[in-house]
Structures are given as structure tokens and as C-alpha cells.
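Here is the structure we will look at, set down as C-alpha cells.
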Amino acid sequence: MVRGTKTKIVLLGAGGLLGRECRSSLAELGELIALERKELDLTKHQQVRAMLRELRPTVVVNCAAYTDVDGCETRPEWAHLVNALGPGLLAEATRDLGAYLVHISTDYVFDGNRALPLGYKEEDPASPQSVYGKSKWEGEERVRQANPHHLILRTGWLYGIHGRSFPKAILAQALKGGPLKVVKDQFGSPTWSRTLAFQITALLRAGVTGTVHATAHGHCSWFDFACRLIQLTGIKAEIHPCTTAEFPRPAKRPANSILEKQRLLELDLDRMGTWEERLEQFLQSDWETLMQELKGVP
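Quick note on our numbering: the sequence shown kicks off at 1191 and runs consecutively.
Rendered as C-alpha cells:
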């Protein structure tokens, strides 16, 4: 169990979509030191080692990553530095300190070709198809090799009030009044970042190690997600489905991003809920802030 006055948690990537949600949930477990990139840059290896030696955490939670999937295609060296070498460095440093490392990974480590409605289990072989996916898979492997006291948590289709996300993009377009075209042949499980932060805390509290999948239950296409979002908000918008082929991007997107949550269920630690109920909760919780941001209200 990870909890108590002697628990010192260092949170990396604390300014991002997931990191900002983790600040409050992780604080329940002990002393929390939340570091944004400007305070600790994962690419500056000597700085990272020195900082961790100075702080001597018992737990490090790594939410830092280069998540621009298309950007990774044009900046593969940077993707490798942040997503592969960075986690490896953290694994070595935490091993030397006798600390527990939690590392966030992605559905992109799989090829996305599995026939629906089946998803990918934790033990299924990886076969990443993009620079982003390959860099994240290498990061996972470096963590496994360097520190046995680790938790690798894979998630996907993450959204929330902080940073960029799919609901913000859809609502911004809808508010402008123009018709929307949304991909109908990519499937996954939309996951609220706040729910995931609570899930990470539950796994940490239980001291779970190994690889765990954590997304909301159920699945849909991006088109289905957009339609449900517009329906819940009551915004009048015209939405048309399109195919992935009609929306070419530099990086290949998985057609199937569904992650089976086998270990969460076996451990009886599931906190994820369905994607539909969590989307409603997100809108109820953050609607005012969301509208102020999208309408440019200070």
C-alpha cells in the first residue's frame, strides 16, 4: 500500500491534461511535489537525476510525454528523447532510489487492426504503426527492464478541461455554426482525465505493479462521440460522418483503440465507469469553465 506520512510523490508533467487532474487526487496519498516541464524537463537527463536524488521520492508518477502524434512523424528524434529515453532514465533513477515508478502509456502501442468488438488485452503483443506508438512502446520496455517496481498504465482517447482535447475542438467548431465532418471508422473509449487520475490513485494506494489498461467502459467512433457531445450540450450543429481516408494525416491512426480492462476487473479496483456517464459528468462539472474558454471570456 502506498499511503502515509512517509510517502513522497513526485509528479512529472503536472501542467498537462492528465497531470493537472492528478495534483488533487495524488495529494491524498502523502506529500506531493508537482513539477511542470519548466521546473523539470525530462530531456535534461543530468537535471532529472540530480533533482530526484535531492528530493528522494518514494513514488514518481510520469505524466510527461510528447503526445503530438503527427508532430512525432516530423520530429522522431524528439519523440524518442521524450517518450523512450526519458522513461528509461526515470526507471533507472527510481530503481537506484528504491522508488516506485508509475508511467502513462497509450493504445498506440497496438496496430489497431483487431476486428470489432474485441479489444486489446494487457498481454497482447505490441505492434505500433506510428513514430509516436513506437517511441511509447520503447519507453515501456525501458521501464520494464530498469525497474521491476513499476506500474505501466495504458489509456487512450483522453479528454478533459485542461489543454487540448476532442470535445473542445468539436464544441469550438459547433459554436462557429459551420458543419462538422467527423471520422466514423476509428473506434475507442473516450476517457475523462479526472476519472483516470482517480484510477491512478486507487492503483497506487493498492501498490499494483505490472501493466494495466485503464479507459472508460464501452466504445464508440469519433463520430458517435461528437454526436453524443452535441446532443448533451444542446448546441445546434450539423455533423456528417467521414472515413479516415477522407481525413489524411501524417501519422497512421488505429482503427481499433479499444483496451480490455482485464487486470482492473481481476484486481477489483475498477473506477472508470462508462464513457457516456463520464462525459455527462465532465460537462456538468466543467461546463461553465469550458464555455468561458471557448468563447474567449477571461
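Think of the CB as a built atom: it goes at the ideal place given N, C-alpha and C, for glycine as much as any other residue.
DSSP-derived helix/strand/coil call for residue i
i: ALA1305; result: coil
i: LYS1358; result: helix
i: THR1401; result: strand
i: HIS1340; result: strand
i: SER1411; result: strand
i: LEU1449; result: strand
Residues near residue i by beta carbon distance below 7 Å, same chain, minus five either side
i: ARG1285; result: ALA1336, ASN1337
i: TRP1327; result: VAL1299, ALA1316, PRO1318
i: THR1399; result: HIS1339, HIS1340, LEU1341
i: ALA1281; result: LEU1291, ARG1332, VAL1333, ALA1336, ASN1337, HIS1340
i: GLU1470; result: LEU1422
Outcome for residue i when other beta-carbon atoms lying within 10 angstroms are tallied against a minimum of 16
i: GLN1389; result: buried
i: ILE1425; result: exposed
i: ARG1243; result: exposed
i: SER1320; result: buried
i: MET1481; result: exposed
i: SER1475; result: exposed
i: LEU1208; result: buried
i: HIS1430; result: exposed
i: ALA1240; result: exposed
i: PRO1307; result: exposed
i: ASN1446; result: buried
i: ASN1303; result: exposed
i: ARG1246; result: exposed
i: TRP1412; result: buried
i: LEU1455; result: exposed
i: GLY1368; result: exposed
i: GLY1309; result: buried
i: GLU1478; result: exposed
i: ALA1305; result: exposed
i: GLY1206; result: buried
i: PRO1438; result: exposed
i: GLN1376; result: buried
The beta strand (DSSP E) enclosing residue i, as first and last residue numbers
i: PRO1431; result: 1429-1432
i: ALA1224; result: 1221-1225
Sequence-distant residues of its chain with Cβ nearer than 6 Å to residue i (five each side left out)
i: LYS1451; result: HIS1403
i: ILE1294; result: CYS1253, LEU1343
i: GLY1323; result: TYR1298, VAL1299
i: GLY1329; result: ASN1273, ALA1274, PRO1277
i: GLY1203; result: GLY1209, CYS1253, ALA1254
i: TRP1465; result: SER1379, PRO1380, ALA1406, GLY1408
i: PHE1356; result: TYR1349
i: THR1401; result: GLU1312, ILE1342
Extent of the continuous alpha helix (DSSP H) run through residue i
i: ILE1199; result: First-last for ILE1199: 1198-1202, but that is the beta strand (DSSP E), not the alpha helix (DSSP H).
i: LEU1459; result: Neither: LEU1459 is in no alpha helix (DSSP H) and is coded neither H nor E.
i: LEU1216; result: 1209-1216
Residue i Cβ short of 6 Å to the ligand FAD heavy atom set
i: LEU1348; result: Among the ligands in the structure shown, none appear at all, so the ligand FAD cannot be discussed.
message: Quick check on the DSSP output: what are the complete alpha helix (DSSP H) runs of length 4 or more inside the segment 1245-1302, in order along the chain?
response: Within the segment 1245-1302, the complete alpha helix (DSSP H) runs of at least 4 residues are 1259-1264, 1266-1269, 1276-1287.
query: Hey, which unbroken runs of the beta strand (DSSP E) at 3 residues or more fall wholly within the segment 1342-1390?
result: Runs of the beta strand (DSSP E) inside the segment 1342-1390: 1370-1373.
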